[in-house]
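Trainee: Going left to right, the sequence shown walks through residues 1 to 693 as the UniProt record's numbering numbers them.
Glycine is no exception: its CB is placed at the ideal position from the N, C-alpha and C atoms.
This structure is in structure tokens; I'll ask about it shortly.
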Amino acid sequence: MNTLATTGARVGVDVGGTFTDFVLFDPIQQQYFFHKQPSTPDDPAHAVRDGLLALLHKSDLPASAIAFLLHGTTLGLNAIIQRRGARIALVVSRGFRDVLEIGRARLPSSFDFHADREPPFLPRQRVLEIPARFTPQGEWSSRPTAEDIATLATQIQALEVSAVALMTINGYANPQAEAELAQQIGEQLLDIPVLSAAQLWPEIREYERTLVAGLNAYIQPLMQRYFSRLAALLQQEAISAQLLITASNGGVLPLESARQRPVDTLLSGPASGVSAAAQLVKRAGGGGFLSFDMGGTSSDMSLSLDGDVARVTRTDIGGLPLILPVVGVSAIGAGGGSVVHVDDYGILKVGPESAGAEPGPVAYARGGDRPTLTDCYLVSGIVPADTFLGGTMPLDVARARTALTNLAIRLGFSDEDAAQQAASGALAVATTQMATELNKVLAQQGASPDVLTLVPFGGAGPTHANLLADEAGISRILVPLRPGTFCAQGAVTADIRHDFVRSLRVTVSDDTQAPILAALAALRDRAQAWFVQQGAAFSTRVTLGVEADMRYTGQAYELTVSLGEPDSVNVAALLAAFTQRHRQHYGFVNADGEVALTTLRLSLTAWLPVLPDERATLVTADTAPTTRRFYFRQRWHDAAIWQRNALREGDALKGPAIVEQEDTTTLILPGWQGSVDMQGNLLIVKRPMGDQA
């Protein structure tokens with residue numbers, strides 16, 4: 001049996017739109033190593049291979065030293081957003097051919113009857129029907145004959161698809177029977193896989209269940225090709241590490257599980273960053289936090305009111321509702337590569353288009369001619385030109401200035417600071433957009449920004465964090481020691497996690513305790529079987545957690561209630577937890593209301609060996625800062641320039657200041673102050689009103 005040996009190195013990888021990030025922990029040296037590699041969008045595995053080789057060179061380790069590779073990617077997510085997945089077919093119960101077209105009969109905008117819907121990932125022409133459905137109790141109400149299955153197989157073969165998804169009405173009540181039907185269809189299709197929606201995720205609501213199966217089939221060929229391509233490249237370099245894939249729920253999955261269920265990995269990169277942020281805040285004293293991940297393409301945020309990773313059971317992926325448990329992440333704005341432009345009405349805009357890794361910002365000198373937020377940071381004097389990425393990727397400030405000057409002319413600026421004025425305006429626009437989206441999320445949760453800690457990461461997160469905090473009313477920022485590779489760090493410290501679900505639809509009472517506990521026991525059996533098959537090779541320590549979706553009878557939607565370990569679940573615990581959650585969410589409870597339980601979920605966590613915290617490695621050079629001018633709010637400021645690896649515990653940095661390091665640049669605004677904690681993290685707080693000078 002293979003286990004995570006203490007002698008094997010562990011590597012975390014996060015593939016982003018602009019950069020691919022790496023973190024390696026070597027247990028022999030008890031040391032971390034970091035690397036950023038420009039992404040290769042046309043062949044993402046190429047950047048992973050090259051980055052690993054560079055990381056091995058930095059750490060002076062042989063390829064055989066890497067025992068485990070924990071890998072996060074948004075490849076599947078991008079395929080859904082860009083509608084570039086596989087050509088697939090969908091098979092549904094007779095009469096439900098329009099399940100994807102109808103959806104939940106909601107407009108993209110409640111007040112715009114002409115709003116365009118997102119293009120479907122699956123056209124109606126490739127949706128087929130079969131006379132198969134179940135009763136709510138899981139009995140066949142219409143069972144297809146062998147002739148029905150043969151006719152369907154002929155129709156599927158004529159469509160020339162690479163995968164098929166199957167959804168039957170009430171299939172969640174008998175997932176085994178639906179899976180057997182999928183197998184019967186697949187036996188007549190030779191090499192075309194048929195995926196059962198109820199087997200993938202047996203939860204009530206046919207539209208959402210159809211999406212889980214459809215999206216899984218849509219991205220599975222792409223993801224399997226990528227995993228095979230990556231494995232081949234690693235084998236060429238004699239890297240025999242076992243692959244674990246980061247999942248949307250904040251954990252990691254064995255490779256085979258991710259190959260069969262790539263839909264579980266859609267938010268893998270952002271989720272890893274949130275997990276790392278939760279660990280960081282707990283080490284720093286705990287409390288609620290806002291993670292702020294700003295990379296090259298977009299900015300994502302996750303709100304935690306109690307300091308734990310906030311997970312949700314419903315989210316939106318490319319305009320489509322997904323009912324899988326995922327870390328709660330909201331897109332709130334632009335990234336460092338977002339294009340700055342002037343629209344037809346002469347209004348300054350930022351995004352949504354991104355320059356990506358190729359051609360990238362104008363300053364990359366790779367052929368890009370449209371300025372981005374990175375060019376704005378550079379021209380404003382915030383980001384250094386010569387030491388970007390530790391000096392391995394010098395930036396062309398003259399090109400960036402020319403591009404922004406041309407933009408400034410369209411905005412009516414013509415003096416010597418025209419480029420800086422345009423850059424300052426673009427940063428203000430981006431910040432306002434982010435703060436607006438952030439305030440929506442805070443309002444939905446009833447949270448106040450002044451009691452939360454902002455945790456910025458990603459290549460541009462610390463650069464923009466103080467701008468966002470100042471605009472949104474956040475008074476405390478905690479910048480990790482290695483923000484630019486933080487998602488990869490979250491991956492390398494993640495544990496294996498897998499979720500299981502069972503829909504019931506019962507009233508919670510003493511009379512229904514037996515079927516509720518029986519359903520929970522069935523979930524435990526499924527989790528145990530999965531662990532023996534998939535997870536036991538990596539861990540021997542396992543914990544289980546239970547959640548339930550509950551509502552008052554007559555309500556349309558449920559609240560998700562956490563219940564702890566399975567052994568603590570009973571009717572009294574269910575009612576008490578629901579009452580507390582309902583009062584917290586809605587502000588009242590119905591003492592006489594009948595409580596319905598619709599869904600049980602069980603999460604399995606297989607714990608991996610805990611890695612030690614990274615400590616700051618100090619240089620012996622003089623820590624005295626230099627000075628550089630930067631442009632902010634339409635005027636120049638003199639900022640103290642600090643080197644991150646020269647800062648020591650207790651050092652105080654009075655804004656305006658700029659902290660430079662290999663993977664990012666941190667801006668401290670006038671009126672704010674930074675200090676270094678014992679782990680090397682940078683805490684930035686707003687100075688009292690009497691000390692704003």
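Quick check: Ala-398 and Leu-378, are their CB atoms within less than 8 Å of each other?
Mentor: Your numbering for residue 398 matches position 398 in the sequence shown. Your numbering for residue 378 matches position 378 in the sequence shown. It is not a contact, given that the beta carbons lie outside the stated cut-off.
Trainee: From residue 719 to Ala-217, what does the alpha carbon distance come to, in whole angstroms?
Mentor: A question about residue 719 goes unanswered here, because the residues of the chain that appear run from 1 up to 693.
Trainee: Are the CB atoms of Ser-240 and Ser-64 nearer to each other than 8 Å?
Mentor: The residue given as residue 240 occupies position 240 in the sequence shown. The residue given as residue 64 occupies position 64 in the sequence shown. Yes, the Cβ-Cβ distance between Ser-240 and Ser-64 is below 8 Å.
Trainee: Could you please give the first and the last residue of the uninterrupted alpha helix (DSSP H) stretch that includes Met-223?
Mentor: For the purposes of this step, residue 223 is taken as residue 223 along the sequence shown, with counting starting at 1. That run of the alpha helix (DSSP H) goes 206 to 236.
Trainee: Kindly indicate which residue of Gly-564, Ser-475 and Asn-570 has the alpha-carbon position closest to the one of residue 695.
Mentor: Given a span of 1 to 693 for the chain in the structure shown, any question on residue 695 remains unanswerable.
Trainee: Once DSSP output is grouped into helix, strand and coil, what is the label at residue 704?
Mentor: It is not possible to answer for residue 704, since the shown part of the chain is limited to 1 through 693.
Trainee: Assuming residue 696 contacts Thr-74 (C-beta within less than 8 Å), just tell me the rounded distance between them.
Mentor: Because residue 696 is not part of the residues shown, which for the chain are 1 to 693, the question remains open.
Trainee: When DSSP labels each residue in this structure, what does His-498 get in the three-state scheme?
Mentor: Along the sequence shown, one-based indexing puts residue 498 at 498. If DSSP states are grouped into helix, strand and coil, His-498 belongs with the strands.
Trainee: The beta strand (DSSP E) that contains Leu-320, what's its start and end?
Mentor: To locate residue 320, count along the sequence shown from 1; it is residue 320. Segment 320 to 322, the beta strand (DSSP E) holding Leu-320.
Trainee: Grouping DSSP H, G and I as helix and E and B as strand, with all else coil, what is Ser-142?
Mentor: For this step, residue 142 is matched to residue 142 along the sequence shown. Note: Ser-142 maps to strand in three-state DSSP.
Trainee: Taking 8 Å as the threshold, find out whether the region 221 to 236 comes into contact with the region 510 to 529 through three or more Cβ pairs.
Mentor: Cβ pair count under 8 Å is below three, so no.
Trainee: How many Å lie between Arg-259 and Asp-511 at the Cα?
Mentor: As a first step, residue 259 must be located in the sequence shown, where it is residue number 259. As a first step, residue 511 must be located in the sequence shown, where it is residue number 511. When rounded, the distance between both Cα atoms is 42 Å.
Trainee: Our contact map puts Phe-538 next to Ile-496 with C-beta atoms below 8 Å; I'd like the distance itself, whole angstroms only.
Mentor: Counting from one through the sequence shown, the residue named residue 538 turns up at place 538. Counting from one through the sequence shown, the residue named residue 496 turns up at place 496. The pair is a contact, with the Cβ atoms about 6 Å apart (cut-off 8 Å).
Trainee: So does the region 306 to 314 actually touch the region 323 to 332, counting three or more Cβ pairs closer than 8 Å?
Mentor: The region 306 to 314 is in contact with the region 323 to 332.
Trainee: Examine the Cβ distances between the region 226 to 244 and the region 194 to 213 and report whether three or more of them are shorter than 8 Å.
Mentor: No: the two stretches stay apart, fewer than three of their Cβ pairs being nearer than 8 Å.
Trainee: Which one or two residues does DSSP pair with Lys-686 in a beta bridge?
Mentor: Locating residue 686 in the sequence shown gives position 686, counting from the first residue. Answer is Trp-672, bridged to Lys-686.
Trainee: Using a Cβ-Cβ cut-off of 7 Å (strictly less than) and excluding sequence neighbours within five positions of Val-274, which residues of its own chain qualify?
Mentor: The residue given as residue 274 occupies position 274 in the sequence shown. So the qualifying residues of the chain are Gly-250, Ser-291, Ser-302, Val-309, Val-327 and Val-329.
Trainee: Considering only the beta carbon of each residue, do Leu-280 and Leu-70 sit closer than 8 Å?
Mentor: Here residue 280 corresponds to residue number 280 of the sequence shown, with the count starting at 1. Here residue 70 corresponds to residue number 70 of the sequence shown, with the count starting at 1. No, Cβ-Cβ distance for Leu-280 and Leu-70 is not below 8 Å.
Trainee: I'd like to know if Ser-64 contacts chain C, where contact means its C-beta is closer than 8 Å to some C-beta of that chain.
Mentor: In the displayed structure, chain C is absent; only one protein chain is listed.
Trainee: Once you ignore the five residues that flank Leu-189 on each side, which residues in its own chain have a CB closer than 8 Å to its CB?
Mentor: Locating residue 189 in the sequence shown gives position 189, counting from the first residue. Cβ within range, chain order: Ala-153, Ile-156, Gln-157 and Val-164.
Trainee: Please list, in chain order, all residues of the same chain as Arg-687 whose beta carbon is under 6 Å from its beta carbon, the five residues on each side excluded.
Mentor: In the sequence shown, counting from the first residue as 1, residue 687 sits at position 687. Excluding residues within five positions, the ones whose Cβ falls inside 6 Å are Gly-671 and Gln-673.
Trainee: Which partner residues of Ala-657 appear in the DSSP bridge assignment?
Mentor: The residue given as residue 657 occupies position 657 in the sequence shown. DSSP, once it has assigned bridges, lists Ala-640 and Ile-668 as partnering Ala-657.
Trainee: Is the Cβ-Cβ distance between Val-479 and Asn-681 less than 8 Å?
Mentor: For the purposes of this step, residue 479 is taken as the residue at position 479 of the sequence shown. For the purposes of this step, residue 681 is taken as the residue at position 681 of the sequence shown. In contact: Val-479 and Asn-681 (Cβ atoms closer than 8 Å).
Trainee: What three-state label does DSSP hand Ile-332 in the structure shown?
Mentor: Taking the sequence shown and counting its residues from 1, the one referred to as residue 332 is at position 332. DSSP places Ile-332 in strand when its eight states are reduced to three.
Trainee: Rounding to the nearest angstrom, what Cα-Cα distance links Leu-322 and Gln-444 in this structure?
Mentor: Here the question's residue 322 lines up with position 322 in the sequence shown. Here the question's residue 444 lines up with position 444 in the sequence shown. Each residue's Cα considered, the two are about 19 Å apart.
Trainee: Hey, quick one: how far does the alpha helix (DSSP H) through Met-434 stretch, first residue to last?
Mentor: The residue you call residue 434 lines up with position 434 of the sequence shown. First-last of the alpha helix (DSSP H) with Met-434: 418 to 445.
Trainee: Could you give the residue range of the beta strand (DSSP E) that holds Glu-547?
Mentor: By 1-based counting over the sequence shown, the position of residue 547 is 547. Taken as a continuous stretch (DSSP letters only), the beta strand (DSSP E) holding Glu-547 covers 541 to 552.
Trainee: With burial defined as no fewer than 16 other Cβ atoms inside 10 Å of the residue's Cβ, what is the status of Gly-12: buried or exposed?
Mentor: Taking the first residue of the sequence shown as 1, we reach residue 12 at position 12. Classification of Gly-12: buried, given that the 10 Å Cβ count is 16 or more.
Trainee: List the endpoints of the continuous beta strand (DSSP E) containing His-341.
Mentor: Looking up residue 341 in the sequence shown gives position 341. Per DSSP, His-341 belongs to the beta strand (DSSP E) from 338 to 342.
Trainee: DSSP on Pro-254, reduced to helix/strand/coil?
Mentor: Working through the sequence shown from its first residue, we reach residue 254 at position 254. DSSP places Pro-254 in strand when its eight states are reduced to three.
Trainee: Starting from Gly-169, follow its DSSP beta bridges and name the residues at the other end.
Mentor: Translated into the one-based positions of the sequence shown, residue 169 becomes position 169. Per the sequence shown, the amino acid found at residue 169 is Ile instead of Gly. In DSSP, Ile-169 forms a bridge with Arg-133.
Trainee: Could you tell me whether the Cβ atoms of Gly-458 and Gly-295 are closer together than 8 Å?
Mentor: Along the sequence shown, read from residue 1 onward, the residue named residue 458 stands at position 458. Along the sequence shown, read from residue 1 onward, the residue named residue 295 stands at position 295. Yes, the Cβ-Cβ distance between Gly-458 and Gly-295 is below 8 Å.
Trainee: Counting C-beta neighbours from all protein chains within 10 Å, is the total for Gly-425 16 or more, i.e. buried, or is it exposed?
Mentor: Here residue 425 is taken as the residue at index 425 of the sequence shown, counted from 1. That one is buried.
Trainee: Looking at the structure shown, is Phe-121 part of a helix, part of a strand, or coil, going by DSSP?
Mentor: The residue given as residue 121 occupies position 121 in the sequence shown. Residue state, collapsed to three classes: coil.
Trainee: Got a sec? Which residues, its chain only, sit under 8 Å from Arg-551 by beta carbon, not counting five neighbours each side?
Mentor: Position 551 of the sequence shown, counting from 1, holds the residue named residue 551. Cβ neighbours of Arg-551 beyond the five flanking positions: Tyr-557, Glu-558, Leu-559, Val-595, Ala-596 and Thr-598.
Trainee: Using only CA atoms, which one of Val-659, Trp-607 and Leu-604 lies nearest to Ala-624?
Mentor: Along the sequence shown, read from residue 1 onward, the residue named residue 624 stands at position 624. It is Val-659 whose Cα lies nearest to the Cα of Ala-624.
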